[in-house]
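Heads up: the sequence shown begins at 1 in the UniProt record's numbering, then just goes up one per residue. Backbone N, C-alpha and C define an ideal beta-carbon position, used for all residues, glycine too. Computed from a prediction, not measured in an experiment: that's the story for all the values here.
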Amino acid sequence: MTSDATSAAPSKPEALAEELVYDRIVDALIDKRLRPGERLNEAKLASAFKTPRSRVRRALNRLTAERLVRFEMHRGAFVSLPSVKEAYDIFETRLHIEGAVARIACERIDAEGIATLRRHLALEHQVFEEHQPSVNRISGDFHLMLAELTGNDELIAIVRPIIRRFCIIQSLYERSTGVLCLTHEHQSLVDLIEKRDAEGAAASMMEHCRHIFYSLDLSERRRAEANIYDIDIDDPLV
1 MTSDATSAAP
11 SKPEALAEEL
21 VYDRIVDALI
31 DKRLRPGERL
41 NEAKLASAFK
51 TPRSRVRRAL
61 NRLTAERLVR
71 FEMHRGAFVS
81 LPSVKEAYDI
91 FETRLHIEGA
101 VARIACERID
111 AEGIATLRRH
121 LALEHQVFEE
131 HQPSVNRISG
141 DFHLMLAELT
151 GNDELIAIVR
161 PIIRRFCIIQ
171 SLYERSTGVL
181 CLTHEHQSLV
191 DLIEKRDAEG
201 AAASMMEHCR
211 HIFYSLDLSE
221 RRRAEANIYD
231 IDIDDPLV
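Below is the structure:
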């Protein structure tokens, strides 16, 4: 006899559909097509993705667990609106975690891994030069890729949500709509990793994170301006 937990679990096609909804919302957050404080209308998302609301709800629940989305009683789901303190806390965490990632990468990465990073650097440069909307996502992918190349699954599981939450912080507190170009810092970091300079790579990564963070306008005034996004999405991510 099938248990309730087993019968309630989504089938493989349903799980894939849920994963697609989840991935598209994450991409929209990172690409700034969804802004901090913006309302995520479950019915509109279900209609846009041509999928049952239950799948959208499960995707939103995952995003809530990762603190990328928040639920408000009687109002629904909204993109997270991190406080100034949260921004500093996430920065501090990211700073030291990514420093560790750089050190471990120096110990474990092989020639194929370096080649993978250099191919990604070429893609980064291209999307920046062409002003493609995916530039923030591609830049963030560099950090996720570096964590993946350590082969440490626990480290990857920590880095992924930190990078995504930091993208929301950037979207909320950025000083302008321009994109900060630090691809040359990624290049320097890869050079240090290839030389197996663990301390140099860690220092370079931490300085890189500081440059991103200190480019932001971390003020309550800037956060308050995000209230203009407290509306339903009209073009739901498709």
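Run through DSSP, which three-state label would G37 get?
In the structure shown, G37 sits in coil (DSSP, three-state: anything other than H, G, I, E or B).
Pick out whichever of I156, S47 and A59 has its Cα sitting closest to the Cα of I97.
Measuring from the Cα of I97, the nearest candidate turns out to be I156.
Whole angstroms is fine: what's the gap from A102's alpha carbon to R118's?
For A102 and R118, the distance between alpha carbons rounds to 15 Å.
Could you say which of K32, E86, L192 and G151 lies nearest to E220 if we only look at CA atoms?
The residue with the shortest Cα to Cα distance from E220 is E86.
Tell me the rounded alpha-carbon separation between A105 and E199.
If you take the alpha carbons of A105 and E199, they lie about 11 Å apart.
When the Cα atoms are used, what is the spatial distance from Q187 to R33?
Near 28 Å, if we compare the C-alpha coordinates of R33 and Q187.
Quick one: complete alpha helix (DSSP H) runs, 4+ long, within the region 153-213?
Those alpha helix (DSSP H) runs which fall completely within the region 153-213 and span 4+ residues are 153-173, 183-194 and 198-213.
From the DSSP output, in three-state form, read off L144 for me.
Helix at L144.
Closest to P144 by CA distance: which of L192, Q132, S134 and V159 is it?
Sequence check: residue 144 is Leu here, not Pro. If we check each option's Cα against that of L144, V159 comes out closest.
Enumerate in chain order the residues of its own chain whose CB-to-CB distance from T183 is below 8 Å, with the five nearest sequence positions on each side excluded.
Closer than 8 Å at the Cβ level, and outside the excluded window around T183, lie L121, E124, H125, F128 and S139.
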